[in-house]
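Quick notes on the structure that follows.
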Amino acid sequence: MKQHEEYIRKLDLIAVKIRKHIIEMLYRAKSGHPGGSLSAVEAIVTLYFHHMKHDPKNPTDPNRDRFVLSKGHAAPTLYAALAECGYFDVKELLHLRQINCMLQGHPVRTHIPGVEASTGSLGHGLSFANGIAMAGKLDKKDYRVYVMVGDGETNEGQIWEAAAAASHYKLDNLTALIDRNFLQIDGNTEEVLRLESVRDRWSAFGWYVLEVNGHDIEEIIDALLIASEQKNQPTMIILNTVKGKGISFMENNIDFHGVPPNEMEYNLAMKELDTVQKALEASL
Amino acid sequence: MNKKMMANPRDAYGETLMELGGKNHDIVVLDADLSKSTKTILFAKKYPERFFEMGIAEANMISTAAGFASCGKIPFASSFAVFATGRVYDQIRIDVAYSKSNVKIFATHGGISVGKDGASHQMIEDLTLMRVLPNMTVLAPSDAAQTRRIVELMAATEGPMYARIGRANASVLYKKEDLKDLKIGEGIIVKDGSDVSIIACGTMVNQAVDAHEKLLQDGVSARVVDMHTIKPLDERLVTKCARETNTILTVEEHSVIGGLGGAVSEVLAESGSSTKFKRMGVQDMFCESGEPEELFEKYGLSTSHIVNNVKKLIR
Numbered sequence: 010m011k012q013h014e015e016y017i018r019k020l021d022l023i024a025v026k027i028r029k030h031i032i033e034m035l036y037r038a039k040s041g042h043p044g045g046s047l048s049a050v051e052a053i054v055t056l057y058f059h060h061m062k063h064d065p066k067n068p069t070d071p072n073r074d075r076f077v078l079s080k081g082h083a084a085p086t087l088y089a090a091l092a093e094c095g096y097f098d099v100k101e102l103l104h105l106r107q108i109n110c111m112l113q114g115h116p117v118r119t120h121i122p123g124v125e126a127s128t129g130s131l132g133h134g135l136s137f138a139n140g141i142a143m144a145g146k147l148d149k150k151d152y153r154v155y156v157m158v159g160d161g162e163t164n165e166g167q168i169w170e171a172a173a174a175a176s177h178y179k180l181d182n183l184t185a186l187i188d189r190n191f192l193q194i195d196g197n198t199e200e201v202l203r204l205e206s207v208r209d210r211w212s213a214f215g216w217y218v219l220e221v222n223g224h225d226i227e228e229i230i231d232a233l234l235i236a237s238e239q240k241n242q243p244t245m246i247i248l249n250t251v252k253g254k255g256i257s258f259m260e261n262n263i264d265f266h267g268v269p270p271n272e273m274e275y276n277l278a279m280k281e282l283d284t285v286q287k288a289l290e291a292s293l
Numbered sequence: 006m007n008k009k010m011m012a013n014p015r016d017a018y019g020e021t022l023m024e025l026g027g028k029n030h031d032i033v034v035l036d037a038d039l040s041k042s043t044k045t046i047l048f049a050k051k052y053p054e055r056f057f058e059m060g061i062a063e064a065n066m067i068s069t070a071a072g073f074a075s076c077g078k079i080p081f082a083s084s085f086a087v088f089a090t091g092r093v094y095d096q097i098r099i100d101v102a103y104s105k106s107n108v109k110i111f112a113t114h115g116g117i118s119v120g121k122d123g124a125s126h127q128m129i130e131d132l133t134l135m136r137v138l139p140n141m142t143v144l145a146p147s148d149a150a151q152t153r154r155i156v157e158l159m160a161a162t163e164g165p166m167y168a169r170i171g172r173a174n175a176s177v178l179y180k181k182e183d184l185k186d187l188k189i190g191e192g193i194i195v196k197d198g199s200d201v202s203i204i205a206c207g208t209m210v211n212q213a214v215d216a217h218e219k220l221l222q223d224g225v226s227a228r229v230v231d232m233h234t235i236k237p238l239d240e241r242l243v244t245k246c247a248r249e250t251n252t253i254l255t256v257e258e259h260s261v262i263g264g265l266g267g268a269v270s271e272v273l274a275e276s277g278s279s280t281k282f283k284r285m286g287v288q289d290m291f292c293e294s295g296e297p298e299e300l301f302e303k304y305g306l307s308t309s310h311i312v313n314n315v316k317k318l319i320r
């Protein structure tokens, strides 16, 4: 039991590290999307550092599990996770969004080891993930496909085309995760274009739906496991999250959707993350 | 004029896919509720496990095809040209072109000869839309035999590709052996001539060949080029035509803006050529319902329009 708690705390510690990378990257890039990057951290950490079958030394292994970041503006989180896994040098993170550098503002599959799909234009990633899952079934491979969509992203009609197709084709090798942080650029998701009931909508499209605290790694681990045991239907995991999670003044603050921290905010954010990191380290 | 043999390029597409399916097990086919019209149904019947009916959801079809390609599959995604390009431009842009995905978008029912369905279904912008995308190869085969060969080459050549054919039967231009050396990016001189070069693509190559015969009777020697590849354009052949005939007429069942005529005019303008030049195609307008022949007549794409334009140009 103690061992298990320690294991989870180690993953929490990775999550803090990823958050520090995100703040550093966005501060240096002087642009990018803090809010939706921070809300996605625990799910991405759980996938890359616990759940998925993948090998950074062999990023094109045909049998690897795949992760598609459909909400491409959370690229910093994906990049930081890939770098920490060893897909590329962590130093690359310091050159996010800079000319002549690898890490583009949004993920590109042709440039960046470990990136499965080019995203950024919202609504495509679930369809792309469906294609991978359908190819896996055709080839009788046992890899799994994971895709993260933003909650605001599900305004896009293509998401619902893909939702219908995934259940029609019984893609039980596909797990989607929705980053339910309730905020999109123009405001609260329920005021911009109502999404509730998210659970009922996906359920009506033929998906198995799970709901977890999207910042609780233990809950995410369990949900991913349950999802991988489902037969004949895809699973949607609703990650109840907080936009800007982990930085007090960014939490639930829509001003940080697409605005990077200034110097003062950067220092404050790093200080907060340092405190959390030290507490976690002390507990190990 | 002797009566021409006819064959349908759509049948050629479906049959070729079916044949290739037996040889190359990486080929998968996606369609959006039009498989009876695009003829992908022939593949579907023979290889049901590799055929994916995507329903009336073209955006999802294109991105899904890209997902397949990322796993080493060779997806052919088919629909009518209107739905296979304009409707899904963003999906093609990001998931296919930007991602350099090995996706083959094969559209039928291109151009105004779709006929009675009217302007909503008459795609006259697709060549432009696809040509402007980096990494994209753009093809418009002219007859059934060439369609067959182009489909084979698409399957065998890595990279994002778009091809469009028309709905109707097309006169037979080629025998199978004529096409064994066909290359993507190399136009074909179908008829040689010295007074003018008529550079045409797709359905209009036949009209150009008819025009060649009529012009011969009037003592005009017209070269006809089948420019089946719009991108990458055979620039060498364009400049050769400019040099040797000093007069070029482009003909396409497409808007005059940005397609074959656009591509040829860019080459000519930048080469500093003083070639006499005209683009034939649909002017900057939407057309209407009608029989294909009526539409060609009204919107300036009949054989006699080609003949008249040539005569005006060389005067």
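Protein sequences, first through last, are from chains A and B. According to this note's numbering, the residues represented by the first sequence are 10 to 293, in order. According to this note's numbering, the residues represented by the second sequence are 6 to 320, in order. Glycine residues also receive a C-beta, built at the ideal position from the N, C-alpha and C atoms.
Would you call residue i buried or exposed, if buried means 16 or more other Cβ atoms sit within 10 Å of its Cβ?
i	result
B/Leu138	buried
A/Leu234	exposed
B/Lys185	exposed
A/Lys280	exposed
B/Met23	buried
A/Val124	buried
B/Thr280	buried
B/Arg320	exposed
A/Asp181	buried
A/His120	exposed
B/His233	buried
B/Met6	Reliability of the predicted coordinates at B/Met6 is poor, the pLDDT of 43 falling under 50, and no value is obtained from them.
B/Gln288	exposed
B/Met290	exposed
B/Asp231	buried
B/Ile155	buried
A/Arg203	exposed
Report the partner residues of residue i according to the DSSP bridge assignment.
i	result
B/Ser176	B/Met11
B/Met285	B/Val256
A/Pro122	DSSP output for A/Pro122 lists no bridge partner at all.
A/Gln193	A/Gly196
B/Glu58	B/Asp36
A/Met157	A/Leu78, A/Leu186
A/Leu248	A/Asp188, A/Val221
B/Ile117	B/Ile117 is not bridged to any residue.
B/Ile110	B/Ala82, B/Tyr167
With distance defined between alpha-carbon atoms, name the residue in the options nearest to residue i.
i	options	result
A/Ile168	A/Ile187, A/Leu103, A/Asn67	A/Ile187
B/Gln222	B/Gly115, B/Lys316, B/Met66, B/Val119	B/Lys316
B/Ala70	B/Lys44, B/Ile61, B/Thr43, B/Asp100	B/Asp100
A/Pro65	A/Asp98, A/Leu183, A/Ala52, A/Gly215	A/Asp98
B/Gly116	B/Val312, B/Ile129, B/Gly224, B/Ala102	B/Ile129
B/Phe301	B/Gly19, B/Met209, B/Gly264	B/Met209
A/Ile230	A/Phe58, A/Ile23, A/Ala92, A/Lys11	A/Phe58
A/Thr163	A/Ala142, A/Leu47, A/Ser127, A/Thr198	A/Thr198
A/Arg189	A/Asp264, A/Lys149, A/Lys252, A/Cys94	A/Lys252
B/Ser176	B/Gln151, B/Glu163, B/Glu157, B/Tyr52	B/Gln151
A/Ala232	A/Glu14, A/Val25, A/His30, A/Leu56	A/Leu56
B/Cys76	A/Ala49, A/Glu93, A/Arg153, A/Ala83	A/Arg153
A/Ser237	A/Ala24, A/Val285, A/Met61	A/Met61
B/Leu373	B/Ala112, B/Gly120, B/Ala173	As shown, chain B starts at 6 and ends at 320. That puts residue 373 of chain B outside it, with no answer to give.
Could you work out which residues of chain A lie near residue i, taking near to mean beta carbons separated by less than 7 Å?
i	result
B/Asp95	Ser130
B/Phe57	Met143
B/Asn65	Ser136, Gln167, Glu170, Ala171, Ala174
B/Lys78	Ala144
Starting from the beta carbon of residue i, find every residue of chain B whose beta carbon is closer than 8 Å, and list them in chain order.
i	result
A/Phe137	Ser68, Thr69, Ala71, Gly72, Ser75, Asp100
A/Tyr82	In the sequence under discussion, the amino acid at residue 82 of chain A is His, which differs from the Tyr named in the question. Near A/His82 there are no residues of chain B at all, since even the closest Cβ is about 14 Å away, more than 8 Å.
A/Arg73	Correct list: empty, because the minimum Cβ distance to chain B is about 11 Å.
Using the beta-carbon of each residue, which ones in chain B are nearer than 7 Å to residue i?
i	result
A/Glu125	Ser75
A/His133	Ser68, Gln96, Ile99, Asp100
A/Arg28	Those do not exist, as A/Arg28 stays about 28 Å from chain B at its closest Cβ, beyond 7 Å.
Given that residue i touches chain A, what residues does it touch there, using C-beta distances under 8 Å?
i	result
B/Glu54	Leu147
B/Ala1	Outside the displayed range of chain B (6 to 320) lies residue 1 of chain B, so it cannot be described from this structure.
Residues of the segment 87-106 of chain A whose Cβ lies closer than 9 Å to any Cβ of chain B, in chain order: Correct list: empty, as no residue qualifies.
Residues, ordered as in the chain, of the segment 160-171 of chain A that lie near chain B by beta-carbon distance below 8 Å: Gly166, Gln167, Glu170, Ala171
Short-range partners of chain A found in the segment 200-214 of chain B, where Cβ spacing is below 7 Å: none
Within 9 Å of chain B by C-beta, residues of the segment 47-66 of chain A in sequence order: none
Chain-ordered residues of the segment 197-225 of chain A with a beta carbon less than 7 Å from chain B: none
Residues from the segment 104-129 of chain B in contact with chain A, defined by Cβ distance under 9 Å: Ser104, Lys105, Ser106
Contacting positions in the segment 260-286 of chain A - beta carbon closer than 7 Å to chain B: When C-beta distances to chain B are compared with 7 Å, every residue of the segment 260-286 of chain A stays at or above that value.
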